[in-house]
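Note sheet for the following structure.
Number of protein chains: 2
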Amino acid sequence: MNCELCHGAGGTLLWQNGLCRVVAVDEPGLPGFLRVVLQRHVREMTDLPADERGRLMAVVFAVEDHVRQSLEPDKMNLASLGNVTPHVHWHVIPRWRDDRHFPGPVWAAARHDAPVPAARAVAAERMAVTLSAALSALEG
Amino acid sequence: MNCELCHGAGGTLLWQNGLCRVVAVDEPGLPGFLRVVLQRHVREMTDLPADERGRLMAVVFAVEDHVRQSLEPDKMNLASLGNVTPHVHWHVIPRWRDDRHFPGPVWAAARHDAPVPAARAVAAERMAVTLSAALSALEG
Chain A
8 MNCELCHGAG GTLLWQNGLC RVVAVDEPGL PGFLRVVLQR HVREMTDLPA
58 DERGRLMAVV FAVEDHVRQS LEPDKMNLAS LGNVTPHVHW HVIPRWRDDR
108 HFPGPVWAAA RHDAPVPAAR AVAAERMAVT LSAALSALEG
Chain B
8 MNCELCHGAG GTLLWQNGLC RVVAVDEPGL PGFLRVVLQR HVREMTDLPA
58 DERGRLMAVV FAVEDHVRQS LEPDKMNLAS LGNVTPHVHW HVIPRWRDDR
108 HFPGPVWAAA RHDAPVPAAR AVAAERMAVT LSAALSALEG
């Protein structure tokens, strides 16, 4: 099976357990964009047993919580799409009123290409570094 | 507060309980597009207590399950965005390889404007009618 999330991490690995991993995505203009990727190849959330679905969502929400506490974005966006790569993965995306796509989804056309505020980019780097400690409570 | 999901259903009401409602969305070219809307005004999933978060996601996944069983789409898309209307709501969107936006997200530019196959439109109407019975197990 030629699945890029089976053959690669899908971003910079920040944390993982047996069920899923959290990776940082390098998307221009979107600092703090993370993905929660299921370790094994499953197409849809409803193909997962309910207990694993719950454990995966607990990670998604713990990641959202850490991103919000670290970056205080104007809004959080969560999405499980997988049209190109049908291997369960969640996009966890902090949004700001002044970001390139706001208030559109990040998949809509950009509205400007102004640089990201430097302090926000630095905070996003720090958020990625501290994610692992923030999720340590989930590993037990 | 001027929130359209506090002042209106947000679509055609198909089912509801005390926590949330399921509405059908009339999006051209996207039959079977549903939303799960929290009844009260809360901005982010991580602003909800964990038990309500779990109950809301159980509805989202029950809706996904019903849509899949009814329509057998090529992929399901789930998203909680709320940049325009920051009141928790989930988009539950069946996708087909021949739909207007595939494999892009539905918020990306359309790739064509071919009509929806008639049988699919009919099946989506039937899916909406039968949703309430499919979710009855959740009402207890």
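Protein chains in written order, with the numbering used here: chain A, 8 to 147; chain B, 8 to 147. Think of the CB as a built atom: it goes at the ideal place given N, C-alpha and C, for glycine as much as any other residue.
State the DSSP-derived secondary structure class of arginine 28 of chain A, mapped to helix, strand or coil. strand
Going by alpha carbons, who is nearest to valine 74 of chain B out of B:Arg60, B:Trp103, B:Phe109 and B:Arg47? B:Trp103
Under 9 Å, Cβ to Cβ, is there at least one residue of chain B near leucine 142 of chain A? no
Which residues in the same chain have their Cβ closer than 7 Å to the Cβ of proline 122 of chain B, if we skip the five residues on either side of it in sequence? none
May I have the straight-line CA-CA distance separating asparagine 84 of chain A from valine 95 of chain B, to the nearest angstrom? 11 Å
Excluding sequence positions up to five away, which residues of its chain have a Cβ less than 6 Å from the Cβ of arginine 127 of chain A? Pro38
I need the DSSP call for alanine 121 of chain B, collapsed to helix, strand or coil. coil
Measure from the C-beta of serine 77 of chain B to each C-beta in chain A and report whether the shortest distance is under 9 Å. no
Determine the contact status of valine 113 of chain B and glutamate 34 of chain B, defining contact as a CB-CB distance below 9 Å. yes
Can you tell me whether threonine 19 of chain B is helix, strand or coil according to DSSP? strand
Three-state secondary structure (DSSP) of leucine 142 of chain B: coil
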